[in-house]
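A.B. asks: Chains as they are written, first to last, in the numbering used here: chain R, 1 to 199; chain P, 1001 to 1237.
Every residue, glycine too, gets a C-beta built ideally from N, C-alpha and C.
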Amino acid sequence: MLAKHERMLIDHNDEKLVELAVANDPDAFGEIVRRWERKIFALCFGMLGREDEARDAAQETFISAYRNISNFRGEAKVSSWLHRIAVNQCLTVKRRARTRSEEFIDDESGGEEKVFIAPAHRSPARTTEQTERLTIVRQAVSSLPSDLRQVIVMKEFEEMTFQEISDTLELPLSTVKSRLYTALRQLRMKLERTPLEIN
Amino acid sequence: MKDIKFTDCRYSIDIVPYMYGELSSSDRSVFESHLLDCAVCTDEFAEISNARYEVYDWKKLAFDPLPTPAFEIPRDVQHEAAGVSWIDRLRAAFAQGWAIPTVAFASIAIFAGLTGLFLMSSDTDVAGVNKTTVPAAPPVTVDSPLPVIEAGGKSDTAATTVGADDRKPAERKAATAAHRTEPKRVIRTSRPGQPRIIDTRATRIETPSVPRLNDFDEDEDTSLRLAQLFEDIETSD
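(1) Report yes if the C-beta distance between R:Ala140 and R:Lys190 is below 8 Å; otherwise report no.
(2) Can you give me the start and stop residues for the alpha helix (DSSP H) that R:Arg193 sits inside?
(3) Quick check: the region 1040-1060 of chain P against the region 145-160 of chain R, are there 3 or more CB pairs under 8 Å?
(4) What are the residues in the region 1024-1036 of chain P lying within 8 Å of chain R by C-beta distance?
(5) Could you check how far apart the C-beta atoms of R:Val78 and R:Glu15 are, in whole angstroms? I think they sit under 8 Å.
(6) Check whether the Cβ of R:Leu144 lies closer than 8 Å to any Cβ atom in chain P.
(7) Please name the residue, chosen from R:Ala23, R:Ser166, R:Asp27, that lies closest to R:Arg7 on a Cα-to-Cα basis.
(8) Mind pulling the chain R residues with CB within less than 8 Å of P:Thr1042?
(9) What residues from chain R crowd round P:Gly1113, counting only those whose CB sits closer than 7 Å?
(10) Helix, strand or coil: how does DSSP classify R:Glu60 here?
(11) If we ignore side chains and look at the alpha-carbon of each, how far apart do P:Lys1131 and P:Val1077 end up?
(12) Could you check where the alpha helix (DSSP H) with R:His83 kicks off and where it finishes?
(13) Would you identify the three-state DSSP class for R:Asp27, choosing helix, strand or coil?
(14) Return the residues of the region 34-45 of chain R that lie within a Cβ-Cβ distance of less than 9 Å from chain B, sorted by chain order.
(15) Buried or exposed: P:Thr1157, going by 16 or more other Cβ atoms within 10 Å of its Cβ?
(16) Expressed to the nearest angstrom, what Euclidean distance is found between the alpha-carbon atoms of R:Phe62 and P:Phe1031?
(17) Enumerate in chain order the residues of its own chain whose CB-to-CB distance from R:Leu184 is below 8 Å, with the five nearest sequence positions on each side excluded.
(18) Using the rule of at least 16 other Cβ atoms within 10 Å of the residue's Cβ for burial, across every protein chain shown, is R:Lys177 buried or exposed?
(19) Beta-carbon separation of R:Leu173 and P:Val1016 under 8 Å?
(20) If we ignore side chains and look at the alpha-carbon of each, how far apart do R:His83 and R:Leu171 end up?
(21) Check whether the Cβ atoms of R:Phe41 and R:Arg50 sit closer than 8 Å, and answer yes or no.
(22) Contact criterion: CB-CB distance below 8 Å. Does R:His97 meet it with respect to chain P?
(23) What residues of chain P sit near R:Glu15, judged by a beta carbon separation below 7 Å?
(24) Could you give the distance in angstroms between the alpha-carbon of P:Phe1094 and the alpha-carbon of P:Pro1074?
(25) Hey, quick one: how far does the alpha helix (DSSP H) through P:Asn1050 stretch, first residue to last?
(26) What is the DSSP secondary structure of R:Ile105, reduced to helix, strand or coil?
(27) On the DSSP letters alone, give me the boundaries of the alpha helix (DSSP H) that R:Met154 sits inside.
(28) Which bits of chain P does R:Leu191 rub up against, with CB to CB less than 7 Å?
(29) Does any CB atom of chain R fall closer than 8 Å to the CB of P:Gly1116?
(30) On a CA-only basis, which of R:Glu164, R:Ile85, R:Leu20, R:Asn13 is nearest P:Ala1039? Give me that one, please.
(31) Would you call the CB atoms of R:Ser70 and R:Val22 closer than 8 Å?
(32) Around the Cβ of R:Asn24, are there at least 16 other Cβ atoms within 10 angstroms (buried) or fewer (exposed)?
(33) Let me see if you follow: with CB-CB separation under 8 Å, is R:Thr168 close to chain P or not?
(34) Is P:Pro1017 close to chain R? Criterion is C-beta to C-beta, closer than 8 Å.
(35) R:Val137 CB to nearest chain P CB: under 8 Å?
(36) So, helix, strand or coil for R:Asp168, using DSSP?
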């Protein structure tokens, strides 16, 4: 059961939440984290390709956003702002990996690491939510046209390269990339129509 | 090839390859720099990454924990698909293990051997009964030459006359050899003076050649032949 204040935050848009967070509402930024944590994590995973690195990068993204929330002017969407922070974080991780030197990120908070755990992050309801999300994703993938679905399956399940898919399906390389892009776009729209998270 | 624009930005075509790490190092650097400056590509990248991660998570949670089942194609299906002959199957059976195929093969061989022996023994008995060929006539020694007298009673006195042979021994030998292949036997008939020579070989259809006294070798015992000749003539009267 969510607190009354938390229920009120759910009804606010992202920009309103930022305003509340700037006004030192501790729960407001938590609601922002809850709304975007999975998508930011997914973006980081898309950038880095590894779950552990993606998790760390997402964590750093929210930390950086919290630190700089007062600098948010509202010129872009909150999601875009978070996306850019996440991209920067991931590129930083990549640069560090390329130079093969690990630098510890200074904790400017003075040792007090704030972990923005969204409400009910580890609740038993999470398991149910996860099961339902898997079902939704499976149905969404199944509803894709067969030519788009097979490219997703070959890329994600069989972990084939674009060239391998191109050779297997006897399609041009650009067509394979285009089909996968189209498939992911359609999948995104289907998932947006179906809420994946239980409030 | 025409580049496909997924968004208004021309770099959007690199979103998917970059996400899967399949951009070249140079193109990757360019795209990363572009991401820092282009909100459209950044937002689009985030959306595409989100959709991609949902599929990834679904696979990780629903498929990866599943044990890989053990699939087995029946052997007859394999052979049928490969067009394998029975010989190849037999070889394959022996290639896999020696115990059972060896025992089976040995059993078959023993049975075949016993069957063959049985059949061979049966054939031997049957051959003695069912033989239709006429046994070869016992050879007649050249030491007891017999006069050839034509059927019908005509006697070739010239054939019975022992006359001098002016031919050389080698020539006489060659001529004699041509007549020696046909063993003949005299059978005394009821008609005196008219012995007939019957060729006992059933396959012979030609008129037996008439041996002449001159055909025999000089070193043969002609005296004995003459004696026997006179004896026959005397007894036939």
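C.D. replies: Concretely, from the data shown:
(1) Position 140 of the first sequence, counted from the first residue, corresponds to residue 140 of chain R. Position 190 of the first sequence, counted from the first residue, corresponds to residue 190 of chain R. Yes, the pair counts as a contact, with Cβ atoms nearer than the cut-off.
(2) If you number the first sequence from 1, residue 193 of chain R lands on position 193. Its alpha helix (DSSP H) spans residues 173-193.
(3) yes
(4) Glu1032, Leu1035, Leu1036
(5) For the purposes of this step, residue 78 of chain R is identified with residue 78 of the first sequence, where counting begins at 1. For the purposes of this step, residue 15 of chain R is identified with residue 15 of the first sequence, where counting begins at 1. R:Val78 to R:Glu15, Cβ: 6 Å. Contact.
(6) Counting from one through the first sequence, the residue named residue 144 of chain R turns up at place 144. Not closer than 8 Å to any Cβ of chain P, the Cβ of R:Leu144 fails to qualify, so no.
(7) Translated into positions along the first sequence, residue 7 of chain R becomes position 7. Closest by alpha carbon: R:Asp27.
(8) Position 42 of the second sequence, counted from the start, is the residue given in the question as residue 1042 of chain P. Within chain R, the residues near P:Thr1042 are Ser80, His83, Arg84, Val87.
(9) As a working note, residue 1113 of chain P is residue 113 in the second sequence. Ordered by position in chain R, no residue passes the 7 Å Cβ test against P:Gly1113, which lies about 57 Å from the chain.
(10) Position 60 of the first sequence holds residue 60 of chain R. Three-state result, R:Glu60: helix.
(11) What you label residue 1131 of chain P is simply residue 131 of the second sequence in a count that begins at 1. What you label residue 1077 of chain P is simply residue 77 of the second sequence in a count that begins at 1. Residue placement at P:Lys1131 is poorly supported in this model, since its pLDDT is 49, which falls under 50; the coordinates still yield a value, given next. Those two C-alpha atoms are separated by around 52 Å.
(12) Position 83 of the first sequence holds residue 83 of chain R. Element bounds for R:His83: 78-99.
(13) The residue labelled residue 27 of chain R in the question sits at position 27 within the first sequence. If DSSP states are grouped into helix, strand and coil, R:Asp27 belongs with the helices.
(14) No chain B is part of this structure, whose protein chains are labelled R and P.
(15) Residue mapping note: residue 1157 of chain P aligns to position 157 of the second sequence, counting from 1. Model confidence at P:Thr1157 stands at a pLDDT of 43, short of 50, so the residue's coordinates are unreliable; what they give is reported in the following sentence. Classification of P:Thr1157: exposed, given that the 10 Å Cβ count is below 16.
(16) Sequence index remark: in the first sequence, residue 62 of chain R carries index 62 (1-based). Sequence index remark: in the second sequence, residue 1031 of chain P carries index 31 (1-based). Taking the straight line joining both Cα atoms gives about 24 Å.
(17) Stepping through the first sequence from its first residue, residue 184 of chain R is reached at position 184. Ile152.
(18) Numbered from 1 along the first sequence, position 177 holds the residue referred to as residue 177 of chain R. Buried, because 16 or more other Cβ atoms sit within 10 Å of the Cβ of R:Lys177.
(19) Taking the first sequence and counting its residues from 1, the one referred to as residue 173 of chain R is at position 173. Taking the second sequence and counting its residues from 1, the one referred to as residue 1016 of chain P is at position 16. Not a contact, by the Cβ cut-off of 8 Å.
(20) In the first sequence, the residue the question calls residue 83 of chain R occupies position 83. In the first sequence, the residue the question calls residue 171 of chain R occupies position 171. Roughly 33 Å between the two C-alpha positions.
(21) Position 41 of the first sequence, counting from 1, holds the residue named residue 41 of chain R. Position 50 of the first sequence, counting from 1, holds the residue named residue 50 of chain R. Taking a C-beta distance under 8 Å as the contact criterion, R:Phe41 and R:Arg50 do not qualify as a contact pair.
(22) Mapped onto the first sequence, residue 97 of chain R falls at position 97. Per the sequence shown, residue 97 of chain R should be read as Ala rather than His. False, the Cβ-Cβ gap to chain P never drops below 8 Å.
(23) Counting from one through the first sequence, the residue named residue 15 of chain R turns up at place 15. Listed along chain P, no residue sits closer than 7 Å to R:Glu15 by beta-carbon distance, the nearest being about 16 Å off.
(24) Counted from its first residue, the second sequence places residue 1094 of chain P at position 94. Counted from its first residue, the second sequence places residue 1074 of chain P at position 74. So the alpha carbons of these two residues sit roughly 18 Å apart.
(25) What you label residue 1050 of chain P is simply residue 50 of the second sequence in a count that begins at 1. That run of the alpha helix (DSSP H) goes 1039-1058.
(26) By 1-based counting over the first sequence, the position of residue 105 of chain R is 105. Because the pLDDT at R:Ile105 is just 47, under 50, the model does not fix this residue reliably, and the value given afterwards should be weighed accordingly. Annotated three-state conformation of R:Ile105 is coil, per DSSP.
(27) As a first step, residue 154 of chain R must be located in the first sequence, where it is residue number 154. First-last of the alpha helix (DSSP H) with R:Met154: 146-156.
(28) Here the question's residue 191 of chain R lines up with position 191 in the first sequence. Neighbours of R:Leu191 on chain P, chain order: Ala1051, Glu1054.
(29) As a working note, residue 1116 of chain P is residue 116 in the second sequence. By the rule that beta-carbons nearer than 8 Å mark a contact, P:Gly1116 does not touch chain R.
(30) Position 39 of the second sequence holds residue 1039 of chain P. Closest by alpha carbon: R:Ile85.
(31) Within the first sequence, numbered from 1, the residue matching residue 70 of chain R stands at position 70. Within the first sequence, numbered from 1, the residue matching residue 22 of chain R stands at position 22. Closer than 8 Å, so yes.
(32) Locating residue 24 of chain R in the first sequence gives position 24, counting from the first residue. Exposed, by the Cβ-count rule.
(33) Counting from one through the first sequence, the residue named residue 168 of chain R turns up at place 168. It does not: the Cβ of R:Thr168 has no partner Cβ on chain P nearer than 8 Å.
(34) Position 17 of the second sequence, counted from the start, is the residue given in the question as residue 1017 of chain P. Yes, its Cβ sits closer than 8 Å to a Cβ of chain R.
(35) Along the first sequence, read from residue 1 onward, the residue named residue 137 of chain R stands at position 137. Interface residue (Cβ-Cβ distance to chain P less than 8 Å): R:Val137 is classified as such.
(36) For this step, residue 168 of chain R is matched to residue 168 along the first sequence. Before going further, note that residue 168 of chain R is Thr rather than Asp in the sequence given. In the structure shown, R:Thr168 sits in a helix (DSSP, three-state: H, G or I).
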